[in-house]
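K.L.:
I have a structure here, written as structure tokens, and I will follow up with some questions on it.
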Amino acid sequence: MPNNLKKNFSITLLVLAVNLISVYFFFRIDLTQDKKYSLSEATENMLQNLSGPVQVNVYLDGDDLPGGFERLKKAIEETLVEFKIEGGKNLNYQFINPYAQSTEEKRNALFKELIDKGMQPTNIYENVGGKKSENLIFPYATVSYEDKEKVVLLLKSNQAADAQTKLNQAYENVEYTLASTIKKLTNTEKKKIGLLTEFTSLKPINFAGLITSLQENYDLFIINATQSPTFEGLDALILPKPDRTIDDSTKFKIDQYIMSGGKALFFVDGLNVDTMGLEGSFAKPLDINMDDMFFKYGLRINKNIIKDGLNAAVIPLVVGNMGDRPNIQPVPFRYFPLINNFGDSPITKNLDMVYAKFSADIDVVNKNDGLVKTPLLKTSEYTKVLNAPALITYNEARSDTDQAEYNKGVKTIAYLVSGEFSSLFANSFSSSGILKKSPQTQIMVCSDGDIIVNEVDKKSGNPFPLGFDKLSQHQFGNQDFVMNTIDYMLNENGLIASKNKSVEIRPLDKLKTRDERNKWQLINTILPLSLLALIGFVRFYIIRKKYSLK
Numbered sequence: 001m002p003n004n005l006k007k008n009f010s011i012t013l014l015v016l017a018v019n020l021i022s023v024y025f026f027f028r029i030d031l032t033q034d035k036k037y038s039l040s041e042a043t044e045n046m047l048q049n050l051s052g053p054v055q056v057n058v059y060l061d062g063d064d065l066p067g068g069f070e071r072l073k074k075a076i077e078e079t080l081v082e083f084k085i086e087g088g089k090n091l092n093y094q095f096i097n098p099y100a101q102s103t104e105e106k107r108n109a110l111f112k113e114l115i116d117k118g119m120q121p122t123n124i125y126e127n128v129g130g131k132k133s134e135n136l137i138f139p140y141a142t143v144s145y146e147d148k149e150k151v152v153l154l155l156k157s158n159q160a161a162d163a164q165t166k167l168n169q170a171y172e173n174v175e176y177t178l179a180s181t182i183k184k185l186t187n188t189e190k191k192k193i194g195l196l197t198e199f200t201s202l203k204p205i206n207f208a209g210l211i212t213s214l215q216e217n218y219d220l221f222i223i224n225a226t227q228s229p230t231f232e233g234l235d236a237l238i239l240p241k242p243d244r245t246i247d248d249s250t251k252f253k254i255d256q257y258i259m260s261g262g263k264a265l266f267f268v269d270g271l272n273v274d275t276m277g278l279e280g281s282f283a284k285p286l287d288i289n290m291d292d293m294f295f296k297y298g299l300r301i302n303k304n305i306i307k308d309g310l311n312a313a314v315i316p317l318v319v320g321n322m323g324d325r326p327n328i329q330p331v332p333f334r335y336f337p338l339i340n341n342f343g344d345s346p347i348t349k350n351l352d353m354v355y356a357k358f359s360a361d362i363d364v365v366n367k368n369d370g371l372v373k374t375p376l377l378k379t380s381e382y383t384k385v386l387n388a389p390a391l392i393t394y395n396e397a398r399s400d401t402d403q404a405e406y407n408k409g410v411k412t413i414a415y416l417v418s419g420e421f422s423s424l425f426a427n428s429f430s431s432s433g434i435l436k437k438s439p440q441t442q443i444m445v446c447s448d449g450d451i452i453v454n455e456v457d458k459k460s461g462n463p464f465p466l467g468f469d470k471l472s473q474h475q476f477g478n479q480d481f482v483m484n485t486i487d488y489m490l491n492e493n494g495l496i497a498s499k500n501k502s503v504e505i506r507p508l509d510k511l512k513t514r515d516e517r518n519k520w521q522l523i524n525t526i527l528p529l530s531l532l533a534l535i536g537f538v539r540f541y542i543i544r545k546k547y548s549l550k
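Take 1 as the starting number for the sequence shown in full-length UniProt numbering and just add one per residue.
This is the structure in structure tokens:
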């Protein structure tokens with residue numbers, strides 16, 4: 001057999017062998033620096049164990065998407081390709097361009113259908129070549145499983161950030177946003193959450209946003225501490241904005257629940273602020289009989305209120321008259337800080353601002369107790385602290401803020417505490433049978449009960465969504481903060497780990513792209529053609545020399 005024929009036959013056999021092996025041994029390697037094509041282990045496991053077909057429809061599509069949205073669309077598509085590889089026949093997806101309808105009537109009908117489902121379009125303004133254009137895009141997807149469907153916002157980010165950062169945060173959130181939605185739809189075994197509401201004077205409608213969110217993902221139980229001998233069987237316990245004294249019996253049950261490995265979330269105010277008027281009201285220390293327990297767990301909620309001189313929500317206030325009518329304007333109210341400073345945790349990564357009211361600060365005590373205290377929510381560095389009794393008045397919003405007074409630095413209003421806890425009752429006289437030490441578990445303490453309280457529409461009597469500000473018409477990140485915290489605490493190695501993915505922004509140097517534009521265009525055009533011509537010439541020369549007659 002001639003050598004050339006042997007060589008070709010060997011190559012053919014090698015190619016066939018590689019293809020046969022690849023049928024049975026499939027693998028892919030992600031060589032990108034930020035591992036943008038890699039899914040978390042929890043996401044892979046969830047997709048590999050889907051019990052039925054899941055359909056994902058993405059509406060962020062179109063021929064003329066702006067650069068940042070085109071990049072986000074590409075990230076979604078890349079993620080769904082990875083989902084399809086892991087989910088196989090049980091995961092299907094498609095991109096739907098709302099504008100690609102055969103008639104204008106059909107397009108308008110689709111727009112109405114999407115809006116009726118809660119997908120509010122985003123206006124995109126562009127100025128290309130001196131021509132201004134305005135387009136509507138739908139940065140949403142729907143995830144369907146059996147007879148259930150959920151709408152997914154794909155543009156989740158911190159709305160205080162600049163446009164490029166918001167799009168990058170949405171890029172980083174794609175895997176968790178889609179995977180967590182699929183998990184919620186396909187999950188058949190819901191964990192149990194207990195809400196201990198008998199120690200708050202607020203009505204259930206004030207927690208409607210929280211209750212609705214919890215019921216979508218968990219089995220929710222309203223707990224009566226008097227009738228419940230223990231809190232065993234619950235996966236997590238929430239104490240929402242208590243303003244009544246918690247009796248020792250209930251406190252003991254909470255302590256022993258944590259000692260048995262239970263997870264607990266406490267939303268407790270430092271001061272009690274009564275209904276306010278223009279003349280104000282005195283905020284008094286709030287004692288719910290939990291200070292010693294928090295101290296034992298390594299934290300102290302101080303009896304004060306923080307004013308944030310940099311980030312604050314606005315309230316409508318009469319600032320004067322306009323003719324014979326009062327002039328009402330939105331004015332920053334420093335007692336309502338907008339939390340935009342977060343600790344290093346998957347819980348708060350890429351979280352939108354959190355709307356807080358009358359927050360106290362939290363101190364870390366007993367730093368050598370072996371517990372890990374992770375700050376979650378922090379104010380800006382420009383703060384002023386008012387100790388009890390503090391006079392709170394709306395009229396303060398009329399005056400200008402003197403930044404020199406706001407010199408108390410960053411204050412933390414929420415901590416996640418992890419580790420092995422010691423019981424408050426370990427050294428009591430009747431400690432026999434008492435659990436004195438917990439296994440590895442977690443609690444979250446937030447010194448602002450209003451973070452989980454929703455407003456109620458005075459006209460209709462219906463509750464607003466959790467974190468919704470009716471003045472700005474913006475829904476802040478309160479709901480995401482609570483749900484992320486519960487998800488993290490109940491699934492320590494779960495899907496929320498995918499939020500650790502970071503995609504670095506690598507922007508082009510604007511000055512260089514402006515000044516050296518022609519040079520690089522010339523290089524990118526001529527250099528490849530020159531190299532191709534050189535390779536062709538060298539190859540021609542070698543062949544000619546090899547086969548030329550001697």
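We treat Cβ as the ideally placed atom computed from N, Cα and C, and that holds for glycine.
Given the structure is predicted, the values throughout are model-derived calculations rather than measurements.
Could you have a look at V314 and say whether DSSP puts it in helix, strand or coil?
P.N.:
It is a strand residue.
K.L.:
Between the Cα of M489 and the Cα atoms of L310, D363, G52, L234, which residue gives the shortest distance?
P.N.:
Here the closest residue by C-alpha is L234.
K.L.:
So for E539, helix, strand or coil by DSSP?
P.N.:
According to the sequence provided, residue 539 is Arg. The question's Glu does not apply to it. It is helical.
K.L.:
Based on the DSSP output, what are the partners of M444 in its beta bridges?
P.N.:
L265, L416, per the DSSP bridge assignment.
K.L.:
Compute the distance between the beta-carbons of C446 and L371, then report whether it is under 9 Å.
P.N.:
In this structure, L371 does not lie closer than 9 Å to C446 by Cβ.
K.L.:
Less than 6 Å between C-beta atoms, sequence neighbours within five positions excluded: which residues of the same chain meet that for I193?
P.N.:
Cβ within range, chain order: L214, Y218, L220, A236.
K.L.:
Let me make sure I understand the geometry here. Which of D64, L39, Q55 has the alpha-carbon closest to that of K150?
P.N.:
The shortest Cα separation from K150 among D64, L39, Q55 belongs to Q55.
K.L.:
Closest to I182 by CA distance: which of R544, S530, L495 is it?
P.N.:
Nearest C-alpha to I182: L495.
K.L.:
Tell me whether D308 is buried or exposed, calling it buried when 16 or more other Cβ atoms sit within 10 Å of its Cβ.
P.N.:
Buried, because 16 or more other Cβ atoms sit within 10 Å of the Cβ of D308.
K.L.:
Please give the ranges of any beta strand (DSSP E) in the UniProt domain "DUF7088" (33 to 144), keeping only runs that are unbroken, at least 3 residues long and fully inside the region.
P.N.:
54 to 58, 91 to 95, 122 to 128, 131 to 137, all fully within the UniProt domain "DUF7088" (33 to 144).
K.L.:
Nearest by alpha-carbon distance to K148: which of M46, Y171, L185, K156 is it?
P.N.:
When each option's Cα is compared against that of K148, the closest is L185.
K.L.:
On the DSSP bridge assignment, give the partners of T374 in chain order.
P.N.:
Answer is L416, bridged to T374.
K.L.:
For a quick check, are the C-beta atoms of N341 and V410 less than 9 Å apart?
P.N.:
Yes, these two residues count as a Cβ contact at 9 Å.
K.L.:
Look at the Cβ atom of D469, then the Cβ atom of P463, and state whether they are nearer than 9 Å.
P.N.:
No.
K.L.:
Once you ignore the five residues that flank P439 on each side, which residues in its own chain have a CB closer than 6 Å to its CB?
P.N.:
G261, listed in sequence order.
K.L.:
Please report the distance separating the alpha-carbon of P121 from that of N518.
P.N.:
Looking at the two C-alpha atoms, the distance is approximately 38 Å.
K.L.:
Would you give the residue range spanned by the alpha helix (DSSP H) that K184 belongs to?
P.N.:
163 to 186 is the extent of the alpha helix (DSSP H) around K184.
K.L.:
Could you name the residues that DSSP lists as bridge partners for F221?
P.N.:
According to DSSP, F221 bridges with G194.
K.L.:
Compute the Euclidean distance between the alpha carbons of G87 and Y99, then round it to the nearest angstrom.
P.N.:
For G87 and Y99, the distance between alpha carbons rounds to 30 Å.
K.L.:
Indicate whether L271 and P240 have their beta-carbon atoms separated by less than 9 Å.
P.N.:
Against a cut-off of 9 Å, the Cβ pair of P240 and L271 comes out as no contact.
K.L.:
Per DSSP, which residues does F282 bridge with? Please list them.
P.N.:
Answer is L391, bridged to F282.
K.L.:
What residues in its chain sit with their C-beta under 8 Å from that of T230, if we drop five residues either side in the sequence?
P.N.:
Only K253, Q256, Y257 meet the Cβ criterion.
K.L.:
Specify the secondary structure class of E488 as computed by DSSP and reduced to three states.
P.N.:
According to the sequence displayed, residue 488 carries Tyr and not Glu. In this structure, Y488 counts as helix in the three-state DSSP scheme.
K.L.:
Given 8 Å as the limit, is there contact between the stretch 54 to 71 and the stretch 95 to 109, that is, 3 or more CB pairs closer than that?
P.N.:
Because the criterion of three Cβ pairs below 8 Å is met, the stretch 54 to 71 and the stretch 95 to 109 touch.
K.L.:
Sorted by chain position, which residues of the same chain lie with C-beta nearer than 8 Å to T197's C-beta, five sequence neighbours on each side aside?
P.N.:
P204, F207, I222, I223, P240.
K.L.:
Apart from the five residues just before and just after A312, which ones in its own chain have a Cβ nearer than 7 Å to its Cβ?
P.N.:
Contacts found: P332, F333, R334, F336, P337, L338.
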